[in-house]
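Taken in order, the sequence shown gives residues 4 to 503; the numbers are from our numbering. Please read the structure below before turning to the comments.
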Amino acid sequence: MWIAESEKPLLTAIGNLNFTNPFTPERLELEKQILGSAYRSYGQVWNMHSGGASAQSNVDRIKEISEQTACLLRKRLDSAKSRPTEEERDLYEPVVLYHLFEKYRSAMSERMLADPEETAYPVYRKFLEDYNYFLRRPARTLPSIYSPEKTFAMYFQIHRAFYHIFDFIVGSSLEAGALRAAIWQSIFSGDIRRYHRVLYNRMNSITTLITGESGTGKELVARAIALSRFIPFHGGTCRFEIPYPVCFKPVQLSAMPQTMLESELFGHRKGAYTGALSDRIGYLEECPFCGSVFLDEIGEINAETQVKLLRVLQTRRFQRLGDNAEHSFEGKIIAATNRDLHKACADGSFRGDLYYRLCADTVTTVPLRKLINGESAELGHFVRILSERILGPEEAELFTPEAVKWICVHLGGDYPWPGNVRELEQCVRNLIIRGSYRPAEPPGTAEELETILGNCGLTAEELLVKYLRAVYAQEKNYVRTAERAGLDRRTVKAKLNAKV
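Structure follows, in structure tokens:
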């Protein structure tokens, strides 16, 4: 045997790193299995703030192990007396894939960040030499399912996905980790092996719907998905087909008149409406196969546009305004809304057939209050990131403790941030300029609430029960409901189980 039985668990664990969602607990379990006592703990989920040194230490050590293992097996391959079995190939190849990914990670990532518009990656030539050394040995290896060009393109996709998820989706809570994992699945699906086999060039047919409260980063999620699409690589020229920034085309649906909106999406012919002085290509037509059109506030479009968009999702075909010619849409649709579209379908304001076309893949963003969860350290992560945009890194480090202390003293550690990240950003700006922040009360809220309560006809006991039910519907947890209501958990449970 070319591979000893005792080596198989380690080889399997290293190989599975290629196919495991890095933002799930399974990734951490694989690290522990590979490193054993050398594993350094850094929390429950991967994130850019807590445990960064420990996480990098684990990654660096696994990189060394994968390189040593791949090189050892490669030497054995030359001296093996028989051709490797299919099982041995399936153990060896993933180890090589992980080794080559780590070996070229820095070169690819640095070029990607230095010039996002660049499509030329000449480092592919060195990668190809290594690929051939490890995976193309005449009469020694079975046919590989991993081609060098596709593998290199997949590496580039993983680098982009990790960067846009890891660096832009903030927080070290389990909720933040679950959101990062969900975004990864929207890019690579739940089975990365299947993605590699057939889905990598078919994900444009699956629409992604991003839901969540206003200000919770739905556009960041959309950008992460769109900018992490698979882009073909051509080995002869050492170039990717298109620069990845052009893959994201956002459209703010509620920010423009209907005719202009449809012109942005579908394009128009000269004279199609007043002001249409020349032909125009819309976002759907100019979107490349690897690209995505992001439709923000999808719940706000009228019935006529809903019908036209439904046709695009059903047939991948559309017409410019004022034109009968058919055009094809090659890309992916990503939509977002803070509305309950299921409820909108029930009341007739949104088409049910369009909704079910949109929600094939749904990602729900997390409110800031749940990301922070009353933890001052988590609040500090967000404050530092937001303040860096104005103050720069060094001054933000000095400002962040001051701001967090002010917020905890004057607003309370459990302040719910109804405006989410947008409100926190406003708070940070106020603290920088004026040294204080006063939350804005929504117009008419207090007066309207008094009127409603005065006319609702409920006793105080009935009103309390209804309030607790509303909070519990959001929190799905007796303890958190009790914390928000300022009551004992047992009292909350008793009230919720009471008949009113």
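A virtual CB, placed ideally from N, CA and C, is assigned to each residue, including glycine.
Check	Outcome
LYS498 classed as buried or exposed, judged by whether at least 16 other C-beta atoms fall within 10 angstroms	buried
Span separating the alpha-carbon of VAL424 from that of GLY274	43 angstroms
Complete beta strand (DSSP E) runs within the stretch 343-379 (minimum length 3 residues, chain order)	364-367
CB of VAL504 within 8 angstroms of CB of THR211, strictly	Absent from the model: residue 504. The displayed extent of the chain is 4 to 503, so no value can be given.
Residues that DSSP places opposite THR211 in a beta bridge	ILE337 and ASP364
Extent of the continuous beta strand (DSSP E) run through VAL296	295-299
For VAL468, the first and last residue of its enclosing alpha helix (DSSP H)	463-478
Segment limits, beta strand (DSSP E) that includes HIS199	Unbroken run through HIS199: none, as it is neither H nor E.
CA nearest to the CA of VAL407, picked from CYS290, ALA380 and ILE388	ALA380
VAL503 to ARG493 span [Cα, whole Å]	Any answer about VAL503 is weak, because its pLDDT of 45 lies below 50 and its placement is not dependable; what the coordinates show is given next. Straight-line Cα distance between these residues: approximately 18 angstroms.
PRO505, DSSP secondary structure in three states	Any question about residue 505 goes unanswered here, given that the chain covers just 4 to 503.
Beta-carbon spacing of LYS153, GLU105 below 8 angstroms	no
Rounded straight-line distance, which links the Cα of LEU256 to that of ILE304	7 angstroms
Coarse secondary structure for PHE191, derived from DSSP in three states	helix
Contacting residues, own chain, Cβ-Cβ under 8 angstroms from LEU394 (five flanking each side not counted)	PHE402 and ILE435
PHE22 - DSSP class collapsed to helix/strand/coil	helix
Sequence-distant residues of its chain with Cβ nearer than 6 angstroms to ALA83 (five each side left out)	TRP5
Proximal residues to ASN341 (C-beta, below 7 angstroms), its chain only, five neighbours per side dropped	GLY215, GLU216 and SER217
Distance between GLY460 and PRO404 (C-alpha atoms, nearest Å)	47 angstroms
Where the beta strand (DSSP E) containing PHE321 begins and where it ends	320-322
Where ALA488 falls: helix, strand or coil (DSSP)	helix
Reference LEU94, options ARG354, LEU31 and SER147, closest by Cα	SER147
Simplified DSSP state of VAL503, which is helix, strand or coil	Summary for VAL503: the model assigns pLDDT 45, below 50, so the residue's position carries little reliability; its value from the coordinates is reported in the next sentence. Residue state, collapsed to three classes: coil.
C-alpha distance - LYS398 paired with SER390, whole-angstrom precision	Checking the sequence shown, residue 398 turns out to be Glu, not Lys. Taking the straight line joining both Cα atoms gives about 9 angstroms.
Contact set for LEU264: own chain, Cβ-Cβ below 8 angstroms, skip 5 residues either direction	VAL254, LEU256, ILE304 and THR308
Cα-Cα separation, SER60 to ARG43	7 angstroms
Between the CA atoms of GLY239 and ARG79 - distance to the nearest angstrom	32 angstroms
Contacting residues, own chain, Cβ-Cβ under 6 angstroms from ILE301 (five flanking each side not counted)	ALA338 and THR340
For SER69, the three-state DSSP class (helix, strand or coil)	helix
C-beta contact flag for ILE161 and ILE228 at 8 angstroms	no
Sequence-distant residues of its chain with Cβ nearer than 8 angstroms to LYS373 (five each side left out)	SER176 and GLU178
Three-state secondary structure assigned by DSSP to ILE284	strand
Cα-Cα separation, ARG139 to TYR198	23 angstroms
GLY193 versus ASN207: straight-line alpha-carbon distance, rounded	16 angstroms
Span of the alpha helix (DSSP H) around GLU132	127-138
Buried or exposed by the 16-neighbour rule on C-beta atoms within 10 Å, applied to THR462	exposed
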